[in-house]
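Q:
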Amino acid sequence: MLTAILSGFFFSLFLVFAGKFFKGKLAVLSALVPLGLFVYFASFIKRVSEGEIITQQYEWVPSFGVNLNFTLDGLSLLFSLLITGIGFLVFAYTAEYLKGHKYLDRFYGYLGMFMGAMLGLVLSDNLISLFVFWELTSISSFFLIGFNNTSQASRRSAILALAVTGSGGFLFLAGSLLLGGVAGTYSITEMVNLSPEIIGSPFYLWIVILLFGAAFTKSAQFPFHFWLPGAMKAPTPVSTYLHSATMVKAGIYLLLRFTPVLGGEEIWNTTLIIIGGITMFYSAVHTLFRTDLKGVLAYSTISVLGILVFLIGLGTEYALTAAAVYIVVHALYKATLFLVTGIIDHETGTRDVTVLSGLRKVMMPVAIAGFLAAISSAGMPPTIGFVGKDLVYESTLHMGDWSTVLTILAISTNVLVLYAGFVAGIKPFTGRLPERHSKVHMPGFLMWLPPMILALLGLIIGIYPAFIDGPIVKGVVKAVGMAGEEVHLKLWHGFNFILLLSAITLTLGILLYFLLKPSKKREKAIAKFDFIAPKELILKFGSGVWHFSNLWTRVFQNGFLRNYVSTIILFLVVLVGYSLFNGEQEFYIDFSSFSRMTYYEMILMGIMFLSVLFVVGARSRLTAVVAMGVVGYAICLMFVIYSAPDLAMTQFSIDTLTVILFVLVLSSLPKYLSISDYKMRIIDGVLSIGFGLLITLISLEVLSEPVNKDVSNFYADNAYILAKGKNVVNVILVDFRGSDTLIEISVLTVAALGVFSLLKLRLKRDDRELKD
Amino acid sequence: MIEQLLIYPLLLQMALAIILMFAWNNTSTQKFISISGSTLNLALAVYLLMYVWQNGTQTVQAGNWEAPFGITFVADTFSATLVLLTAIAGLAVSSFSSGSVIPPRLKFGYFPIFHFLLLGLNGAFLTGDIFNLYVWFEIIIITSFVLLTIGGEKAQLEGAVKYFTLNILASVIFLTAIAVLYGLTGSLNMADLAAQVAAVENRTLVQVNALLFLVGFGIKAAVFPLYFWLPASYHTPPSAVSSIFGGLLTKVGVYALIRVFTLIFELDNLLENVLLVIAVLTLFSGAIGAIVQNNIRKIFSYLVICHIGYMIAGLGMMTEVAIAGAVFYLIHDIIVKTNLFMVSGVIYKLKANHNIKKLGDIYADFPKMSLLFVIPLFSLVGIPPLSGFWPKLSLIGAGWDTENYVVIGSILFASFVTLFVIVKLWGEVFWKNGEKLPELRNFPYFKTLTSVQKVQMVAPIVFLGLVSLYIGFAAENIQQLASRIAFELLDNQEYIDAVLNSAKK
């Protein structure tokens with residue numbers, strides 16, 4: 001299985017280098033990759049349907065407990081088949097759809113990467129590696145949405161989509177780590193056995209919230225759904241493959257996968273029912289207001305994703321069977337509708353459904369595919385859609401007290417989904433063919449055959465639901481922790497209440513379709529409410545964040561060095577002051593232990609004090625720098641008094657150099673300005689005195705502490721005996737701690753080089769590397 | 001001879017710096033010496049790490065004065081790893097400098113000073129003496145200051161003044177902290193200090209002392225609210241200089257924080273909270289700072305700050321997992337940040353602009369190069385399984401373990417903003433149709449460079465890209481390294497024994 005997953009990535013890598021050979025006629029060959037994979041996965045159907053679970057394990061990062069453990073059970077198999085099967089058709093379709101495109105190789109590269117990632121996602125048994133692939137699908141989706149990267153709208157949609165799914169991804173990461181910590185393993189199979197412990201843990205709520213965050217963003221649930229319509233900026237094969245059939249179902253996959261681990265609890269079921277319910281109805285209503293075919297399809301996709309979440313929330317065996325069937329149903333008809341839309345767009349140059357009609361006259365096979373898909377989406381017999389819809393009603397009717405409300409919600413959603421399916425699959429082909437479309441012709445077979453195959457499949461398995469019942473659906477139901485005994489897929493259940501509900505749905509839907517034509521006016525009307533749409537609210541929030549960020553950054557990084565210095569000093573004074581006066585030890589200075597001041601010291605102190613005053617009062621930078629130099633020299637003299645002439649010399653040269661460096665730099669700065677006002681100076685003054693006081697207090701307290709003199713005594717004792725030097729300080733400098741001195745010499749050397757280059761090298765405007 | 005192995009990187013860098021000064025005007029000789037010397041240094045560093053991995057912590061007592069009386073150089077796994085990372089980044093930037101820095105700068109001591117900087121970095125990582133560490137910091141500051149100013153352009157000097165002032169302030173605080181420490185214990189040897197500090201009775205002064213170190217190193221590490229020097233200066237020098245700065249300068253501060261707070265001071269409640277609050281605010285400020293910038297290098301500068309927060313958070317949580325996360329992040333970050341600033345340098349050579357609003361077309365014009373640039377960009381974001389992803393596992397996991405939910409939130413926030421910023425940058429710089437930029441007359445455009453120069457600029461990006469990929473895909477090896485480092489840091493007896501007992505042998 002690892003090879004199967006990696007083949008997608010290798011294919012992409014191969015295209016990076018050999019892409020140019022694959023842009024032309026050979027492009028269609030790339031469809032062989034998903035086809036091969038499809039055959040490979042199909043070969044497992046028998047074994048999996050017999051209850052076998054195929055596993056493969058590879059070590060990756062065992063330190064983190066992250067391993068490439070793959071498991072192929074019914075649920076994984078269903079998704080793998082969808083990914084590779086629809087992948088094959090989309091790969092083939094693309095060869096014609098983007099024929100001659102300059103970057104066709106890149107496109108296949110991204111698709112290949114996506115396919116690999118998506119397969120990895122549905123096959124991983126290790127939660128972290130599942131997350132790895134999860135993120136990779138988001139990234140490949142980003143590149144695919146932004147494929148027409150010179151269009152601003154594409155770029156924006158790509159970023160928005162990645163921002164939404166990416167933020168969900170980070171929640172997923174946090175949730176996975178928490179879950180892994182609670183369960184003590186990242187293996188999902190093992191988690192299923194630990195389910196009671198996980199549900200009983202105090203972190204259960206956190207885990208559920210975080211994983212919901214991941215699933216809802218990825219599967220476009222309200223209020224995070226808005227990235228999906230934007231993602232329609234991608235070329236149609238991408239919309240078909242990622243944003244309808246596979247990637248957006250990753251969230252659904254996650255929920256199904258974790259149903260046996262986390263499911264069955266009130267919070268799990270209720271949240272899913274509510275969010276799924278809102279999503280399915282809200283976005284189904286939205287389809288009424290769209291005129292762009294892909295817009296209609298996007299919203300109806302969201303609606304179906306809502307239905308799936310809703311069904312998982314119901315959580316009964318009926319509901320989960322319905323979910324499994326619905327995944328198949330939706331993948332088949334929605335992919336068909338998208339591919340058909342792609343054909344229409346490709347041949348007529350428009351996707352505006354208000355101007356499209358009568359196209360059956362010029363492209364009959366496409367019309368047939370569209371029609372079959374539309375009736376499947378409507379849930380008309382004998383398509384598989386009918387089976388799916390029945391199961392939905394069956395599940396809502398079994399929900400006790402809430403069955404009426406839920407069933408009505410399901411019916412109204414289905415009515416609207418029917419409407420959307422008809423608008424996309426039937427409306428463009430019926431009616432009168434407008435003059436300007438009379439020259440439209442059929443696309444190549446690579447384009448019309450894939451939707452036809454999908455549409456026919458929907459019909460065939462509708463008539464013989466046993467094709468998927470035993471081999472696939474049962475496997476899914478078992479994988480999500482159900483017995484798989486209760487429900488059997490059948491097209492015909494006889495005349496019963498559910499059939500009546502179906503009939504009501506169809507009647508209402510068809511009525512709606514005939515009464516309510518898509519119109520630009522309605523689309524404009526609803527645009528007026530955009531300001532309360534989640535997308536706008538989130539974008540507004542985003543721009544609020546931007547303004548806040550700008551403010552915050554400007555307040556702190558305000559360009560004034562003096563503010564930087566005072567912020568740092570303030571931070572230090574507050575922090576250290578707090579610690580000094582709030583510590584467990586009471587603040588205490590032992591003044592009796594200090595020696596008396598000498599006259600030399602007093603004079604030097606006086607000089608220092610005066611110079612500092614001079615610095616503070618200086619009217620030019622030069623004066624200030626020179627006065628600072630005097631302070632430095634006074635410190636040197638202190639060293640002399642305490643009999644460290646060598647130290648004094650070092651200090652002396654460093655000081656001198658620093659002053660020179662400063663003076664040089666100063667000369668390239670603008671003239672000295674007195675920019676601080678009175679208030680500012682007082683604040684600065686208080687801060688400086690506070691800082692000075694604090695350091696003084698600390699020093700005094702330290703001085704009154706007992707000292708361990710081992711090291712200094714060693715120096716005093718051994719300077720002459722071992723190091724043969726009479727001056728202890730000298731010996732310390734050149735021998736005991738000679739490395740310090742060596743490095744300080746290097747410091748001086750570098751300083752000298754720096755001064756030299758500052759003096760000599762002034763780049764002219766022409767030959768400088770930087771120009772900002 | 002092998003006993004002194006750990007000081008060879010220091011000797012080599014110093015020798016290189018001195019030799020290079022003799023080739024003052026001969027830029028091609030300088031380039032040759034620098035690149036080949038850096039290659040040799042890399043080999044040495046690899047060998048050192050392997051040696052330490054197999055034989056445990058190594059020490060050298062300078063001048064053969066036994067610890068704690070002389071200066072001890074110590075290579076434990078942490079130090080050896082950082083020396084290796086410095087060698088990797090050093091080689092990359094050495095080559096990048098050869099390709100991109102213009103001759104006038106090279107003729108004013110660029111390479112000697114660059115190697116002095118590497119010397120300082122290696123020294124800071126290898127010293128086992130707190131005052132000696134200060135001295136290495138001095139050389140790092142002075143060399144980086146000179147590297148910032150070579151060329152004497154106005155923007156450079158303005159940035160350099162801020163850089164220098166605030167870093168000197170940091171050094172002053174650091175020095176004050178050393179003075180207090182010496183006053184309390186009478187020792188400077190870090191291994192010795194571990195025991196001495198624990199014995200001090202006045203715990204308040206110890207805490208005050210620890211906070212002084214925290215502020216001093218915090219400025220170097222560019223944490224909130226002490227980071228101001230970084231955004232003020234990183235965008236001003238030549239890209240090669242930004243690269244080595246972005247990769248290593250702040251990391252020395254982080255290294256020092258980790259070392260001091262695992263070896264010398266124990267984190268008490270206050271310190272732990274201060275570190276975590278700082279981490280959260282650093283993640284936050286750095287992230288939102290990056291959102292509002294338009295200059296590529298300023299964006300990267302703020303991201304440097306932002307990501308320091310991860311490491312401080314790891315340090316603040318102080319579990320073995322958290323420290324391993326911080327160390328892993330450190331390893332990843334040095335490589336990727338160095339690389340990013342080199343990427344910005346190549347982009348600048350291509351378009352003569354740093355403004356993402358004006359740039360564009362890179363993907364269309366240079367598809368292969370763009371794919372190359374994706375590696376550091378996405379590694380930075382931590383798109384799994386690239387290098388930035390793995391340490392977050394440890395950090396977030398440790399966050400759950402220690403119930404630091406705000407820290408987890410900040411890590412997620414910072415990761416998200418990083419993702420957003422990089423993706424926006426990708427859209428603007430690589431995808432968009434850029435503005436028609438005026439052709440500058442004397443600008444050394446990439447296309448006007450010799451093919452040797454082009455290779456010198458692109459090869460290090462490939463090199464570091466491969467290293468990043470290695471970190472990502474062979475995360476097991478790196479995590480084992482990081483875990484061992486974390487173990488050694490928290491159980492510091494091996495370090496202490498290696499320093500203090502080797503003398504008695």
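Protein sequence lines correspond, in order, to chains V and R.
Position one of the first sequence corresponds to residue 1 (full-length UniProt numbering), numbered consecutively onward.
Position one of the second sequence corresponds to residue 1 (full-length UniProt numbering), numbered consecutively onward.
Every residue, glycine too, gets a C-beta built ideally from N, C-alpha and C.
1. So with CB distances below 8 Å, who are the chain V contacts of R/SER483?
2. What whole-angstrom Cβ distance do V/ALA335 and V/LEU242 have, given they're in contact under 8 Å?
3. When the distance is taken between beta carbons, is V/LEU637 closer than 8 Å to V/LEU604?
4. Where in the region 218–254 of chain V do unbroken runs of the alpha helix (DSSP H), each at least 4 residues long, occur, reported from the N-terminal end onward?
5. Assess contact between the region 451–463 of chain R and the region 94–104 of chain R, defined as three or more Cβ pairs (one per stretch) separated by less than 8 Å. Is contact present?
6. Using a 10 Å radius around the Cβ and a threshold of 16 neighbouring Cβ atoms, would you call V/PRO443 buried or exposed?
7. Can you pull out the residues from the region 371–383 of chain R whose beta carbon lies closer than 7 Å to at least one beta carbon of chain V?
8. Cα separation between V/LYS99 and V/SER151?
9. Tell me which same chain residues have a C-beta within less than 7 Å of the C-beta of V/ILE5, skipping the five on either side of it?
10. Of all the CB atoms in chain R, is at least one closer than 8 Å to the CB of V/ASN126?
11. Buried or exposed, going by whether 16 or more other CB atoms sit within 10 Å of the CB of V/ARG596?
12. Quick check on V/TYR282: does DSSP put it in helix, strand or coil?
13. In whole angstroms, what separates the C-alpha of V/ALA217 from that of V/GLY168?
14. Can you tell me whether V/GLY166 is buried or exposed? The criterion is at least 16 other CB atoms within 10 Å of its CB, across all chains shown.
15. Please decide whether V/ASP590 counts as near chain R, where near means a Cβ-Cβ distance under 8 Å.
16. Tell me whether the beta-carbon of R/SER233 lies closer than 8 Å to the beta-carbon of R/PHE300.
17. Which runs of the alpha helix (DSSP H), 4 residues or longer, sit entirely within the region 361–409 of chain R?
18. Where does V/PHE147 sit, in a helix, a strand or coil, going by DSSP?
19. Just confirm the distance between the C-beta atoms of V/ILE45 and V/LEU127, as a whole number of angstroms; I'd bet it's less than 8 Å.
20. Can you grab the Cα-Cα spacing for the pair V/LEU15 / V/THR259, in whole Å?
21. Using a Cβ-Cβ cut-off of less than 9 Å, list which residues of the region 141–160 of chain V approach chain R; keep chain order.
22. Taking just the CA atoms, how far does R/LEU147 sit from R/VAL241?
23. Can you tell me which residues form a DSSP beta bridge with V/LEU68?
24. Between which two residues does the beta strand (DSSP E) carrying R/GLN61 extend?
25. Are the beta-carbon atoms of R/VAL407 and R/LEU276 separated by less than 8 Å?
26. Taking 8 Å as the threshold (C-beta atoms), are V/GLY421 and V/ALA374 in contact?
27. Bridge partners of residue 789 of chain V, per DSSP?
28. Whole angstroms are fine: how far does the CA of R/LYS31 sit from the CA of R/LEU16?
29. Are there 16 or more other CB atoms within 10 angstroms of the CB of R/SER28, so buried, or fewer, so exposed?
30. List the residues of chain V that R/SER285 touches, going by C-beta distances under 8 Å, in chain order.
31. For R/GLN456 and chain V, any beta-carbon pair shorter than 8 Å?
32. Compare the C-beta of R/PHE145 against all C-beta atoms of chain V and say whether one is closer than 8 Å.
33. Beta carbons nearer than 9 Å to chain V: which residues of the region 51–78 of chain R have them?
34. My understanding is that residue 773 of chain V touches V/SER244, with C-beta atoms under 8 Å, so please give their C-beta distance in whole angstroms.
35. If we define contact as Cβ-Cβ less than 8 Å, is V/LYS760 a contact residue for chain R?
36. Could you tell me the boundaries of the alpha helix (DSSP H) in which V/THR321 lies?
A: Inspection of the coordinates gives the following:
1. Translated into positions along the second sequence, residue 483 of chain R becomes position 483. For R/SER483, the neighbours in chain V by C-beta distance under 8 Å run, in chain order, SER63.
2. If you number the first sequence from 1, residue 335 of chain V lands on position 335. If you number the first sequence from 1, residue 242 of chain V lands on position 242. Contact doesn't hold; Cβ gap of about 11 Å is too wide.
3. Sequence index remark: in the first sequence, residue 604 of chain V carries index 604 (1-based). Sequence index remark: in the first sequence, residue 637 of chain V carries index 637 (1-based). Taking 8 Å as the Cβ cut-off, V/LEU604 and V/LEU637 qualify as a contacting pair.
4. Correct list: 227–230, 236–240.
5. Remark: three or more beta-carbon pairs, one from each stretch, lie closer than 8 Å, so the region 451–463 of chain R and the region 94–104 of chain R are flagged as touching.
6. If you number the first sequence from 1, residue 443 of chain V lands on position 443. It counts as buried.
7. Residues of the region 371–383 of chain R with a Cβ closer than 7 Å to any Cβ of chain V, in chain order: LEU371, ILE383.
8. The count along the first sequence starts at 1 and reaches residue 99 of chain V at position 99. The count along the first sequence starts at 1 and reaches residue 151 of chain V at position 151. So the alpha carbons of these two residues sit roughly 20 Å apart.
9. By 1-based counting over the first sequence, the position of residue 5 of chain V is 5. Same-chain partners within the cutoff: GLY116, LEU119, GLY120, LEU123.
10. Along the first sequence, one-based indexing puts residue 126 of chain V at 126. Taking Cβ atoms only, chain R never reaches closer than 8 Å to V/ASN126, which makes this a no.
11. In the first sequence, the residue the question calls residue 596 of chain V occupies position 596. Exposed, by the Cβ-count rule.
12. Mapped onto the first sequence, residue 282 of chain V falls at position 282. Helix.
13. Translated into the one-based positions of the first sequence, residue 217 of chain V becomes position 217. Translated into the one-based positions of the first sequence, residue 168 of chain V becomes position 168. The question names Ala, yet the displayed sequence has Thr at residue 217 of chain V. Answer to the nearest angstrom: the Cα atoms are 6 Å apart.
14. Within the first sequence, residue 166 of chain V is the residue found at index 166, counting from 1. With 16 or more other CB atoms across the displayed protein chains lying within 10 angstroms of its CB, V/GLY166 is buried.
15. Position 590 of the first sequence holds residue 590 of chain V. No, because no Cβ of chain R sits closer than 8 Å to the Cβ of V/ASP590.
16. Within the second sequence, the letter at position 233 stands for residue 233 of chain R. Within the second sequence, the letter at position 300 stands for residue 300 of chain R. Contact flag unset, no.
17. Within the region 361–409 of chain R, the complete alpha helix (DSSP H) runs of at least 4 residues are 362–365, 367–381, 390–402.
18. Counting from 1 along the first sequence, the entry for residue 147 of chain V is found at position 147. In this structure, DSSP gives V/PHE147 a state outside helix and strand, which the three-state scheme calls coil.
19. What you label residue 45 of chain V is simply residue 45 of the first sequence in a count that begins at 1. What you label residue 127 of chain V is simply residue 127 of the first sequence in a count that begins at 1. With 8 Å as the limit, V/ILE45 and V/LEU127 do not qualify as a contact, their Cβ atoms being about 26 Å apart.
20. As a first step, residue 15 of chain V is located in the first sequence; it is residue number 15 there, counting from the start. As a first step, residue 259 of chain V is located in the first sequence; it is residue number 259 there, counting from the start. Rounded to the nearest whole angstrom, the CA to CA distance from V/LEU15 to V/THR259 is 39 Å.
21. Flagged, chain order: PHE142, GLY146, ASN149, THR150, GLN152, SER154, ARG155, ARG156, ALA158, ILE159.
22. As a position in the second sequence, residue 241 of chain R is number 241, starting the count at 1. As a position in the second sequence, residue 147 of chain R is number 147, starting the count at 1. Distance between the alpha carbons of R/VAL241 and R/LEU147 is about 7 Å.
23. Start at 1 with the first residue of the first sequence, and residue 68 of chain V comes out as number 68. Answer is V/TYR58, bridged to V/LEU68.
24. Walking along the second sequence from the start, residue 61 of chain R turns up at place 61. Segment 58–61, the beta strand (DSSP E) holding R/GLN61.
25. Mapped onto the second sequence, residue 407 of chain R falls at position 407. Mapped onto the second sequence, residue 276 of chain R falls at position 276. Judged by beta-carbon spacing, R/LEU276 lies within the 8 Å limit of R/VAL407, meaning their Cβ atoms are closer than that value.
26. As a first step, residue 374 of chain V must be located in the first sequence, where it is residue number 374. As a first step, residue 421 of chain V must be located in the first sequence, where it is residue number 421. With a cutoff of 8 Å on beta-carbon distance, V/ALA374 and V/GLY421 are scored as near each other.
27. This structure gives no information on residue 789 of chain V, because the portion of chain V shown stretches from 1 to 772.
28. Taking the second sequence and counting its residues from 1, the one referred to as residue 16 of chain R is at position 16. Taking the second sequence and counting its residues from 1, the one referred to as residue 31 of chain R is at position 31. In this structure, the CA atom of R/LEU16 is about 11 Å from the CA atom of R/LYS31.
29. The residue you call residue 28 of chain R lines up with position 28 of the second sequence. Its Cβ having fewer than 16 others within 10 Å, R/SER28 is exposed.
30. One-based indexing of the second sequence puts residue 285 of chain R at position 285. Those are TRP552, THR553, PHE556, listed as they occur along chain V.
31. For the purposes of this step, residue 456 of chain R is taken as the residue at position 456 of the second sequence. So, not an interface residue.
32. Translated into positions along the second sequence, residue 145 of chain R becomes position 145. Output row for R/PHE145: interface = yes.
33. The residues in question are ALA62, GLY63, TRP65, PRO68, PHE69, GLY70, ILE71, PHE73.
34. Within the shown structure, residues of chain V are numbered from 1 to 772, placing residue 773 of chain V beyond reach of any answer.
35. As a position in the first sequence, residue 760 of chain V is number 760, starting the count at 1. V/LYS760 has a beta carbon lying within less than 8 Å of a beta carbon in chain R.
36. What you label residue 321 of chain V is simply residue 321 of the first sequence in a count that begins at 1. 317–348 is the extent of the alpha helix (DSSP H) around V/THR321.
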